[in-house]
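Heads up, the sequence shown is in UniProt numbering, so the first residue is 1 and it goes up one at a time.
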Amino acid sequence: MREYNIAVVGATGLVGREMLKILSEREFPIADLKLFASSRSEGKIIEFEDRKLTVEVVKEGCFEGIDIALFSAGSDISKEVAPLVKKAGGIVIDNSNAFRMDKDVPLIVPEVNGEHLNGDQQIIANPNCSTIQMVMLLKPLANSYGLKRVVINTYQAVSGAGKKAVDELIEQTKAYLNKEEIKNENFNHQIAFNAIPQIDVFLDNDYTKEEMKMVNECKKILADEELAVTATCVRIPVIFGHGESLNIELNSTYNINDIKNIFANTKNVEVIDDPAQEKYPLQIDTENNDNILVGRIRRDNSKENTINLWLTANNLRKGAALNAVQIAEYLAEHDLIN
1 MREYNIAVVG ATGLVGREML KILSEREFPI ADLKLFASSR SEGKIIEFED
51 RKLTVEVVKE GCFEGIDIAL FSAGSDISKE VAPLVKKAGG IVIDNSNAFR
101 MDKDVPLIVP EVNGEHLNGD QQIIANPNCS TIQMVMLLKP LANSYGLKRV
151 VINTYQAVSG AGKKAVDELI EQTKAYLNKE EIKNENFNHQ IAFNAIPQID
201 VFLDNDYTKE EMKMVNECKK ILADEELAVT ATCVRIPVIF GHGESLNIEL
251 NSTYNINDIK NIFANTKNVE VIDDPAQEKY PLQIDTENND NILVGRIRRD
301 NSKENTINLW LTANNLRKGA ALNAVQIAEY LAEHDLIN
């Protein structure tokens, strides 16, 4: 089997570390592995399997010989550094928002639209975490019934905002329970024992950037610009695992049991739907599960051809690191790496 030279940019962050973990777990064929991060982490030693790797800072020529560079260092870094990988002849799989809506950059969830990869693209975008888990369910519905409208409500874990956000939730929880002063640094409001109906900044249309990411990315991935999509994104005091409530209007009539069977037969989707036993997806169920978990699948009695459902997924893995590695696997399996 051919082995590949891999770089991870943002290797010391939550997603970067998860990328390394998944590369090892899935036994991706690696010849050489380089790790990059900010100057604060330069010289740090990270163990990967039987290797001890030194974290480097990006500099001219550092990507020579690299086949694939997995990026999770933020949009500004991606825009600055991706051209260096391209110049060296490598492929960038970017986890930021830098290139997602670029018409020349494929936005990929391998199970949904992997066929859009052709081997000529040097930059491939990883979608937003909350978008990935949603389109895994929308795609099979689109194939079977067609989609008319999707109403999205998300309940997103703090790890989606990074390690400092996780630390803030933990410290605020301790302070709240000990009746001490609560300090807000990463969020504009207290996150412990609270829900914040804002993720990212507000735009001129009064939607947040996160909400519009979901709207625009959904249409691009499903290749359906006419699809009506609207979203409300909420941050909740959960460390890992995003939850989403979807209201989906289909183009044709359906049988609810047929929809459950469609999901049950969709790759990397797990149906947990037994109201009588109070069984449904929980965010804590996603910690060691890479599947999209779906339940509460039911008819919307207020609107024809419409269903409601609830889903959860691990935002650091399938929502970020795992999807990026799966893109790399798809490229390798289909011989799309020069």
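In this text, a Cβ means the ideal position worked out from N, Cα and C, and glycines have one as well.
For residue i, the three-state DSSP class (helix, strand or coil)
i: E27; result: coil
i: H242; result: strand
i: Q283; result: helix
i: Y330; result: helix
i: G319; result: helix
i: K303; result: coil
i: N5; result: strand
i: E42; result: coil
i: K260; result: helix
i: N308; result: strand
i: N268; result: coil
i: R298; result: strand
i: A313; result: strand
i: E18; result: helix
i: K139; result: helix
Cβ neighbours of residue i in the same chain (closer than 8 Å, five flanking residues each side left out)
i: residue 360; result: Outside the displayed range of the chain (1 to 338) lies residue 360, so it cannot be described from this structure.
i: E278; result: none
i: L53; result: L33, K34, L35, I45, I46 and E47
i: N268; result: E111, M136, D290, N291, I292 and K318
i: A223; result: N113
Residue-chain proximity (residue i, chain B), Cβ-Cβ < 9 Å
i: E168; result: Absent from the structure is chain B; it holds one protein chain and no more.
N- and C-terminal bounds of the alpha helix (DSSP H) containing residue i
i: C233; result: Premise fails: C233 lies in the beta strand (DSSP E), A228 to R235, not in any alpha helix (DSSP H).
i: V215; result: K209 to L222
Sequence-distant residues of its chain with Cβ nearer than 6 Å to residue i (five each side left out)
i: F99; result: V105, I123 and A125
i: S78; result: F71, D94, S96 and A98
i: N153; result: T232 and S245
i: K164; result: N186
i: I256; result: R299
i: V151; result: T230 and N247
i: A195; result: V234 and I236
i: S41; result: T12 and V55
Range covered by the beta strand (DSSP E) that runs through residue i
i: L336; result: Looking at the DSSP string, L336 is not in any beta strand (DSSP E), and its letter there is neither H nor E.
i: V85; result: Counting along the chain, V85 falls outside any beta strand (DSSP E), though it belongs to the alpha helix (DSSP H) covering S75 to K87.
i: K52; result: R51 to E56
i: K148; result: L147 to Q156
i: F71; result: I68 to F71
i: D94; result: I91 to D94
Same chain, Cβ closer than 7 Å to residue i, neighbours up to 5 away in sequence not counted
i: N128; result: K213, M214 and E217
i: A161; result: N186
i: Y280; result: I272, D273, G295, R296 and W310
i: Y207; result: none
i: F202; result: T208
Only counting runs of 3 or more residues, tell me where the beta strand (DSSP E) segments fall wholly within the region 158-202, in order along the chain.
Qualifying beta strand (DSSP E) stretches: none in this window.
For the region 310-329 and the region 273-292, state whether three or more C-beta atom pairs, one from each stretch, are separated by less than 8 Å.
Flag = yes, the region 310-329 and the region 273-292 touch.
Quick one: complete alpha helix (DSSP H) runs, 4+ long, within the region 106-137?
Runs found: 110-113.
Quick check: the region 134-143 against the region 244-260, are there 3 or more CB pairs under 8 Å?
At 8 Å Cβ cutoff, the stretches touch.
Does the pairing of the region 1-12 with the region 63-78 give three or more beta-carbon distances under 8 Å?
Contact between the region 1-12 and the region 63-78 is present, because at least three Cβ pairs lie under 8 Å.
Can we say the region 22-40 touches the region 319-338, given the rule of at least three CB pairs closer than 8 Å?
Touching, yes.
Touch check for the region 30-50 and the region 12-21: three-plus C-beta pairs under 8 Å?
Remark: three or more beta-carbon pairs, one from each stretch, lie closer than 8 Å, so the region 30-50 and the region 12-21 are flagged as touching.
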